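*Asks:*
2 protein chains.
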Amino acid sequence: MRDVAKIAGVSVATVSHVVNDKAGARIGDDARRRVQEAVAELGYRPNALAKTLSQGTSRFIGLVADAIATTPFAGQIIHGAQDEAWKHGYVLLVANTDGNAAAENEAIAMMLEHQVHGILYSTWYHREIQVPEALHQTDTVLVDCFAAGNVLPAVVPDEEQGGRTATEELLAASHRRIAFINTTTPSPAQTGRLAGYRAALAAAGIEFDESLVFPAAPEQEGGYAATSAILDSKATAVFCHNDRVAMGLYDGLREHGLRIPEDIAVMGFDNQDVIAAHLRPTLSTVALPHYELGAAGVRLLLGLEPAPESGPKLIACPPVLRHSI
Amino acid sequence: MRDVAKIAGVSVATVSHVVNDKAGARIGDDARRRVQEAVAELGYRPNALAKTLSQGTSRFIGLVADAIATTPFAGQIIHGAQDEAWKHGYVLLVANTDGNAAAENEAIAMMLEHQVHGILYSTWYHREIQVPEALHQTDTVLVDCFAAGNVLPAVVPDEEQGGRTATEELLAASHRRIAFINTTTPSPAQTGRLAGYRAALAAAGIEFDESLVFPAAPEQEGGYAATSAILDSKATAVFCHNDRVAMGLYDGLREHGLRIPEDIAVMGFDNQDVIAAHLRPTLSTVALPHYELGAAGVRLLLGLEPAPESGPKLIACPPVLRHSI
DNA sequence: TTGAAAGCGCTAACAC
DNA sequence: GTGTTAGCGCTTTCAA
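Read top to bottom, the protein sequences are chains A and F. Counted from 1, the first sequence has number 135 at position 136 by numbering that gives the first Met the number 0; the numbering is strictly sequential. Counted from 1, the second sequence has number 271 at position 272 by numbering that gives the first Met the number 0; the numbering is strictly sequential.
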């Protein structure tokens with residue numbers, strides 16, 4: 000910067016003003032031009048770190064995730080957060096903790112040392128968490144997870160609306176006897192999707208039939224194993240807890256010579272691309288809005304959007320219609 | 000830091016020395032203890048940015064990716080890079096460019112302004128790239144891609160070895176007539192895996208039979224469509240260009256009433272978890288080492304490991320045996 | 001064994 | 001309009 004000033008024959012203050020296009024700074028056309036030329040000539044690049052130090056406020060946002068890689072989903076959260084942060088001139092600092100508390104504290108400490116504007120704490124599946132102590136030392140928003148007592152702003156998928164939507168799609172295709180293969184794992188997804196399923200049935204004037212909900216491991220194996228129970232139930236459509244379960248069910252159904260959707264309709268959840276878009280027939284499902292979760296997290300953190308006064312911010316799970324209904 | 004010094008009754012220089020555990024610094028036990036107490040009392044945290052400014056050397060590594068989210072794979076690269084960077088006291092700055100050149104330049108500029116130690120430029124599938132001009136302004140290593148003329152250090156999966164390994168596994172199960180469903184997309188994967196397939200056959204004394212390699216779209220649909228050709232070929236085993244192709248082939252085979260692996264063995268490539276580990280039977284495949292790619296990229300960047308004098312650094316694709324052979 | 005002081009690159013009052 | 005200068009929080013000679 001000094002060099003630029005020297006070449007342009009001005010002071011560093013002037014350089015700073017033109018480089019940052021300062022609002023209230025009156026700079027002569029000539030001086031401005033000379034500075035710009037010098038910048039170009041020298042290939043000058045401002046030092047963002049020095050700027051931060053001097054202004055006392057950084058453009059970093061930290062993202063600490065419990066599992067960047069285990070699932071395709073985490074990547075989408077990063078992606079959404081990154082895009083949104085970028086849009087507002089912020090930069091993402093990422094750290095993976097593998098769910099390990101020590102790594103977590105270290106990661107948070109490191110972000111604090113780098114003067115992050117705030118931290119996004121994310122998990123790869125929607126759940127309640129214990130808030131790490133260290134998070135209280137800066138602004139934090141929880142992404143795809145939430146804390147008891149709503150002590151921190153959080154943004155999570157609207158599981159209930161998702162379950163409702165999924166069921167409604169089946170209802171819209173005139174199904175009345177709709178089975179639901181739910182996960183055996185206690186989670187907001189388990190209760191939320193079930194509540195949505197019941198709400199949709201109720202709204203359609205269909206009585207909830209407990210014997211139509213089947214517990215299963217939330218994977219291909221679970222869906223496959225549920226096949227005969229589904230068949231016995233005489234359901235004409237089945238809403239699966241997730242796409243993987245639906246994939247397993249496809250296999251089971253096929254073995255019994257059943258056609259989808261002619262003989263039985265199938266609805267998934269998650270919109271896991273590698274699966275849903277490529278099963279035969281392609282799978283209708285409800286999308287988990289991971290990208291939006293990341294983006295909304297950043298917006299809350301930057302105060303661009305107000306957090307709901309009570310409870311986490313809910314992001315809608317939109318239906319993705321393909322050919323299994 | 001000044002506050003700590005004041006409370007401990009020493010100078011900031013002394014605080015700096017004890018906080019950083021400086022080697023050649025003689026600090027009295029008493030002073031050291033007082034500083035440590037003051038640090039604890041104040042909850043003092045060093046400002047990493049100020050440190051960088053003063054030392055002139057940062058602990059940032061930039062990762063620019065063309066697609067963080069499109070695929071589960073990109074996440075693994077980030078994960079590997081992050082873990083390795085972390086291990087050496089570095090922090091990852093990530094940017095997504097969606098393959099857009101403008102975003103790319105902006106991302107690189109931003110990283111440069113943040114004084115990154117170097118940049119990891121990664122793509123989500125192995126290919127040759129045009130090196131963005133801006134990358135030459137700092138140390139760069141290419142991850143999962145490479146540049147013509149080997150102008151930049153690069154680290155990529157060893158496609159040929161992967162193809163060889165896959166074929167060898169089939170050979171080891173006593174198959175002699177092995178079909179290969181290759182992608183129609185020109186790429187290092189296309190040529191490398193084919194070369195590996197041929198090499199393995201040659202080593203086993205089996206003549207290469209052109210009519211045993213089938214072109215197909217690298218997705219479920221391609222594998223499914225190739226079914227009848229595979230059946231006509233009388234092959235007893237098939238090596239699929241990737242797991243998605245294998246998944247499609249599973250469907251096709253099942254429709255023809257064939258059992259895997261009793262009637263025909265199937266080998267995949269990629270080790271895409273959501274698929275490979277959960278097909279029935281589970282799919283034997285070869286893993287694309289994305290995590291390792293990211294980690295090795297960081298090692299090359301930090302000079303912890305020498306780059307090969309010619310060509311990219313090859314990372315092995317290990318076999319993952321399950322139940323389809 | 002410890003401290004004073006210069007300087008890292010930049011911003012922001014304020015003076016001219 | 002433009003320049004001077006005092007920091008921002010830290011490291012690092014060098015002197016004491």
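Where is the CB? At the ideal position from N, CA and C, for every residue including glycine. All of these numbers come straight from a predicted model, not from anything done at the bench.
Can you look up residue 95/F in the DSSP assignment and give me helix, strand or coil?
*Replies:* In this structure, residue 95/F counts as strand in the three-state DSSP scheme.
*Asks:* From residue 91/F to residue 206/F, what does the alpha carbon distance come to, in whole angstroms?
*Replies:* If you take the alpha carbons of residue 91/F and residue 206/F, they lie about 49 Å apart.
*Asks:* Looking at residue 138/A: is its Cβ nearer than 9 Å to the Cβ of residue 300/A?
*Replies:* It is a contact, given that the beta carbons lie within the stated cut-off.
*Asks:* Could you tell me whether any Cβ in chain F is nearer than 9 Å to the Cβ of residue 322/A?
*Replies:* Cβ-Cβ to chain F under 9 Å: no for residue 322/A.
*Asks:* With DSSP as the reference, identify every bridge partner of residue 266/A, one or two as the case may be.
*Replies:* DSSP lists 238/A and 283/A as partners of residue 266/A.
*Asks:* Rounded to whole angstroms, what is the Cα-Cα separation between residue 283/A and residue 322/A?
*Replies:* Answer to the nearest angstrom: the Cα atoms are 6 Å apart.
*Asks:* If you measure from the beta carbon of residue 0/A to each beta carbon in chain F, is any gap under 9 Å?
*Replies:* Not one chain F Cβ lies under 9 Å of residue 0/A.
*Asks:* Tell me which residues share the same chain as residue 324/A and place their Cβ nearer than 7 Å to its Cβ, disregarding the 5 neighbours each side in the sequence.
*Replies:* The answer, listed in chain order, is 168, 169, 172, 260, 264, 266 and 283.
*Asks:* Strictly by DSSP, which residues pair up with residue 127/A?
*Replies:* DSSP, once it has assigned bridges, lists 145/A as partnering residue 127/A.
*Asks:* Under the three-state reduction of DSSP, which class applies to residue 312/A: helix, strand or coil?
*Replies:* In this structure, residue 312/A counts as strand in the three-state DSSP scheme.
*Asks:* By the criterion of Cβ-Cβ separation under 8 Å, what are the contact partners of residue 109/A in chain F?
*Replies:* Here the neighbours are 47 and 90.
*Asks:* How many angstroms separate the CA atom of residue 140/F from the CA atom of residue 120/F?
*Replies:* One C-alpha to the other measures close to 6 Å.
*Asks:* With 9 Å set as the bound, which would you pick, yes or no: does the beta-carbon of residue 218/F sit closer than that to a beta-carbon of chain A?
*Replies:* True, the Cβ-Cβ gap to chain A drops below 9 Å.
*Asks:* So is residue 73/A in contact with chain F if we call contact Cβ pairs under 9 Å?
*Replies:* For residue 73/A, the answer is yes, since a Cβ of chain F falls inside 9 Å of its Cβ.
*Asks:* Return no unless some Cβ of chain F is closer than 9 Å to the Cβ of residue 41/A.
*Replies:* No, no contact with chain F.
*Asks:* Within 8 Å, do at least three Cβ pairs link the segment 190-203 of chain F to the segment 147-166 of chain F?
*Replies:* Result yes; three or more Cβ-Cβ pairs closer than 8 Å.
*Asks:* Short check: CB of residue 115/A to CB of residue 81/F, under 9 Å?
*Replies:* No, Cβ-Cβ distance for residue 115/A and residue 81/F is not below 9 Å.
*Asks:* Check the Cβ of residue 93/F against every Cβ in chain A and list those closer than 9 Å, keeping chain order.
*Replies:* Result: 62, 77, 81, 90, 91, 92 and 93.
*Asks:* Nearest CA to the CA of residue 57/A: which residue from 212/F, 47/F and 4/F?
*Replies:* Measuring from the Cα of residue 57/A, the nearest candidate turns out to be 47/F.
*Asks:* Would you say residue 223/F faces chain A, with C-beta separation under 9 Å as the test?
*Replies:* Residue 223/F counts as touching chain A.
*Asks:* Using a Cβ cut-off of 9 Å (strictly closer), state whether residue 44/A contacts chain F.
*Replies:* So yes, residue 44/A belongs to the interface.
*Asks:* For residue 185/F, name the three-state secondary structure that DSSP assigns.
*Replies:* Three-state DSSP puts residue 185/F in coil, outside helix and strand.
*Asks:* Just the Cα atoms here: how many angstroms apart are residue 228/A and residue 242/A?
*Replies:* Their backbone Cα atoms lie some 19 Å apart in a straight line.
*Asks:* Please check if any C-beta of chain F sits within less than 9 Å of the C-beta of residue 11/A.
*Replies:* No, because no Cβ of chain F sits closer than 9 Å to the Cβ of residue 11/A.
*Asks:* Select from the segment 278-304 of chain F all residues with a C-beta closer than 9 Å to any C-beta belonging to chain A, and list them in chain order.
*Replies:* Those would be 278, 279, 289 and 290, in chain order.
*Asks:* Measure the Cβ-Cβ separation of residue 240/A and residue 181/A and say whether it is below 9 Å.
*Replies:* Taking 9 Å as the Cβ cut-off, residue 240/A and residue 181/A qualify as a contacting pair.
*Asks:* Note the first and the last residue of the continuous alpha helix (DSSP H) segment covering residue 71/F.
*Replies:* Run containing residue 71/F: 71-86, per the alpha helix (DSSP H) assignment.
*Asks:* Is it true that the CB of residue 66/F sits closer than 9 Å to the CB of residue 98/F?
*Replies:* Going by C-beta atoms, residue 98/F is nearer than 9 Å to residue 66/F.
*Asks:* Note the first and the last residue of the continuous alpha helix (DSSP H) segment covering residue 212/F.
*Replies:* Not the alpha helix (DSSP H): residue 212/F falls in the beta strand (DSSP E), residues 212-215.
*Asks:* Is residue 248/F closer than 9 Å to residue 216/F when the C-beta atoms are compared?
*Replies:* No.
*Asks:* Compute the Euclidean distance between the alpha carbons of residue 135/F and residue 14/A, then round it to the nearest angstrom.
*Replies:* Their backbone Cα atoms lie some 26 Å apart in a straight line.
*Asks:* Give the interface partners of residue 52/A over in chain F, defined as CB-CB distance under 8 Å, in chain order.
*Replies:* By Cβ distance, chain F contributes 46, 48, 49 and 52.
*Asks:* Given a threshold of 16 other Cβ atoms within 10 Å of its Cβ, counted over all protein chains shown, does residue 19/F qualify as buried or as exposed?
*Replies:* So residue 19/F counts as exposed.
*Asks:* Output the distance between the C-alpha atoms of residue 86/F and residue 64/F, rounded to the nearest integer angstrom.
*Replies:* Taking the straight line joining both Cα atoms gives about 21 Å.
*Asks:* Output needed for residue 286/F: all residues of its chain with C-beta closer than 8 Å, excluding positions within five of it in sequence on either side, in chain order.
*Replies:* 269, 270, 316, 317, 318 and 319.
*Asks:* At 4 residues or longer, what runs of the alpha helix (DSSP H) sit wholly inside the segment 15-47 of chain F?
*Replies:* The segment 15-47 of chain F contains these whole alpha helix (DSSP H) runs: 28-41.
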